[in-house]
Amino acid sequence: MEIAKSLQQTPSSYIREILAAASDKNVISLAGGLPDEKTFPIDLMKPMLESLSDMPELFQYGATAGYTPLLNFLNDYFQLPDTHIAMACTGSQQGLDLIARAYVNPGDKVVMEAPSYLGAMQVFGLVQADIVTVPQTEFGPDIEALRTVFYEQSPKMFYAVPDFHNPTGVCWSLETRKQVAALCEQYNVALIEDAPYRELRFSGEAIPLVSDFCPQHSIVLRSFSKIASPGLRIGIVSGKSSYLEPLIKIKQGADLHSSVPMQALLLGLLKHDNFDYHIDTIRTLYKSRYETLYSELQDKLPEGCEIKPVDGGMFVWVTLPTCDTFELAKELLKEGVAVVPSPVFYPQPEAAQAALRLNFTNATKDELVMAISRLADGLAKHLD
Ligand code: PMP
C-alpha cells in the first residue's frame, strides 16, 4: 500500500537514529532531551498509585476534554482568564498535532523561529503547512523580520517556544514578548506558545507568558513531562473556547481521551504539599549540571566555537565555524559522545548555522566533564 503523500515528504527523526547509536554503553549521550529518571516523583506517586485501585470509575471511558477535577484545578493553578478553557492531551505533543490538524490546510503559512523544535516541524510538515522562518536573536525572534513576514505573507499562526527554547536555550526578553504579542494582535496571527520548559528556570526572574499580553490571539501548550514524568503523557492546551472546541472534536477521533488514571495521578501530585519542593530539587540538580557543563565548555572549546549562558531548560547551543555538522556528529560518536547537529532543527537545513545541541539534564557531573573533554578533542580534530 502506498503511504500518504504528506508522510512521504516528512523526514524520519534523525534524533531517534542518533539516540539509537548513543545507547552504546561507551557513549555519553548529550543528544536526547530526556529528564533524569531520578527526578521522577516516584515516592510521592506510590501511595497515590495504590489508591487508584479503589476508584474503578477512573478506569472507565472519560470525557474527551479531560478529567474534570484536574481541569478545574488547573484553571486556578495556571490562573487562566475567564474566557479560557483547558484541555488535557496525551503529552503537549498531541496538543500541537490537534492544533495543526484543526487549523492548517495544505499550503497555509505557519511561522517559526529558525532553528526550531523538531517535533513541531514534523507536525506542521504532516499537514503540509508552508513553514516560513524568522531568525532567532539572543532575545527571541528578530522583530523586524517577524513584522515583515506577518505583513507580507499573512500567516495563520506563529509557533514559538519562548521559555528555554529547544534547541537553543534562549529565553525571550520581556520586551520581545510584548512586541510579539502586539504584532499577533495587529496582524491577526494566532500565537501557539509551547512552554514545556517554563518551570525549569534555575536563574533570573520569571517572565510572563507571551500569551498574557495577547490572550485572545493565543493558545498555550504546557507539559508535565519535565517536572513530573514524560511517561504520564499528560499535557495541557489552553486558550479561548472558540479556539479549543475544534481541538476537542479532533481528539475524539484521535484517541477519545487521554488516560484518566494518569490525569487523576497528576492531580494528586499537583495538590501534594511536597510538589513545589520536588520541582525545586529538579531545578537545583539541573542548575548544578548546567554550571559544570558551561564551565567545562568555556575552558575547553576550541577557538571559533561559542556558547551563550542559559537561565533554565535542558539545552545549550554551541555555535561553530562553518563545517559539516553531520560529519562532525558522526566523528564525535566515535570519540564517545553523542550530540545533535544543527541542520535537523531547521525547516530549511541548508540554511543552518553550524552548531550542536547539548543536553545537560540526563548525565552526571562526571559524565558531563568526560563528555566535554571528548567533544573538545573531536572538535579540535574536525576543525583543524
Ligand atoms: N514541545 C517542545 C519544545 C518539546 O521540546 C517537547 C518534548 N521534548 C514537546 C513539546 C513535547 O512534550 P510532551 O509531549 O512530552 O509534553
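Everything in the sequence shown is counted per my numbering, starting at 7 for the first residue and increasing by one. Glycine included, C-beta positions come from ideal geometry on N, C-alpha and C. What you are looking at is a predicted structure, and each value in this text was computed from that prediction instead of being measured.
Taking the alpha-carbon of residue i as reference, which of the options has the nearest alpha-carbon?
| i | options | result |
| --- | --- | --- |
| residue 378 | 235, 267 and 299 | 299 |
| residue 203 | 324, 56 and 233 | 233 |
| residue 404 | 319, 318, 314 and 320 | The displayed coordinates of the chain run from 7 to 390. Any statement about residue 404 would go beyond what the structure contains. |
| residue 37 | 371, 353, 308 and 23 | 23 |
| residue 175 | 151, 296, 268 and 387 | 296 |
| residue 308 | 382, 345, 260 and 258 | 382 |
| residue 342 | 230, 119, 375 and 77 | 375 |
| residue 69 | 151, 231 and 255 | 255 |
| residue 380 | 332, 338, 367 and 371 | 338 |
| residue 355 | 55, 139, 99 and 42 | 139 |
| residue 259 | 71, 66 and 47 | 71 |
| residue 310 | 94, 389 and 123 | 389 |
| residue 373 | 54, 302 and 350 | 302 |
| residue 249 | 322, 290 and 108 | 108 |
| residue 197 | 51, 261, 119 and 55 | 119 |
| residue 238 | 51, 27 and 251 | 51 |
| residue 333 | 191, 384 and 304 | 384 |
| residue 58 | 290, 179, 85 and 268 | 268 |
| residue 278 | 48, 29, 312 and 30 | 48 |
Going by beta-carbon coordinates alone, are residue i and residue j separated by less than 9 Å?
| i | j | result |
| --- | --- | --- |
| residue 348 | residue 173 | yes |
| residue 147 | residue 126 | no |
| residue 241 | residue 97 | yes |
| residue 193 | residue 224 | no |
| residue 386 | residue 61 | no |
| residue 149 | residue 189 | yes |
| residue 110 | residue 134 | yes |
| residue 222 | residue 331 | no |
| residue 168 | residue 352 | no |
| residue 236 | residue 112 | no |
| residue 317 | residue 229 | no |
| residue 67 | residue 263 | yes |
| residue 195 | residue 95 | no |
| residue 65 | residue 266 | yes |
| residue 106 | residue 130 | yes |
| residue 124 | residue 322 | no |
| residue 117 | residue 164 | yes |
| residue 91 | residue 257 | no |
| residue 261 | residue 99 | no |
| residue 153 | residue 177 | no |
Quick test of your reading: residue i and residue j, contact by CB under 8 Å. State the CB separation rounded to the nearest angstrom.
| i | j | result |
| --- | --- | --- |
| residue 275 | residue 281 | 6 Å |
| residue 13 | residue 104 | Between residue 104 and residue 13 the Cβ distance is about 18 Å, and since that is not below 8 Å, they are no contact. |
| residue 227 | residue 76 | Wrong, their Cβ atoms sit about 16 Å apart, outside the cutoff. |
| residue 162 | residue 114 | 5 Å |
| residue 145 | residue 319 | About 16 Å separates the two Cβ atoms, so there is no contact after all. |
| residue 335 | residue 345 | 6 Å |
| residue 1 | residue 285 | No statement about residue 1 is possible, as the shown extent of the chain runs from 7 to 390 and does not include it. |
| residue 156 | residue 187 | The Cβ separation is near 12 Å, so there is no contact. |
| residue 292 | residue 370 | Not quite, the Cβ-Cβ distance comes to about 12 Å (not below 8 Å), so this is no contact. |
| residue 253 | residue 93 | 6 Å |
In the DSSP output, what is residue i paired with across the bridge?
| i | result |
| --- | --- |
| residue 143 | 146 |
| residue 95 | 241 |
| residue 229 | 241 |
| residue 362 | 324 and 347 |
| residue 207 | 318 |
| residue 90 | 246 |
| residue 200 | 227 |
| residue 115 | 136 |
| residue 164 | 117 and 197 |
| residue 12 | Residue 12 pairs with nothing; no bridge assigned. |
| residue 35 | 344 |
| residue 312 | 325 |
Quiz item: Does the count of Cβ pairs from the region 179–196 and the region 208–223 closer than 8 Å reach three?
Solution: yes
Practice problem: Evaluate the contact criterion for the region 355–374 versus the region 317–331: three or more CB pairs, one atom per stretch, below 8 Å. | Solution: yes
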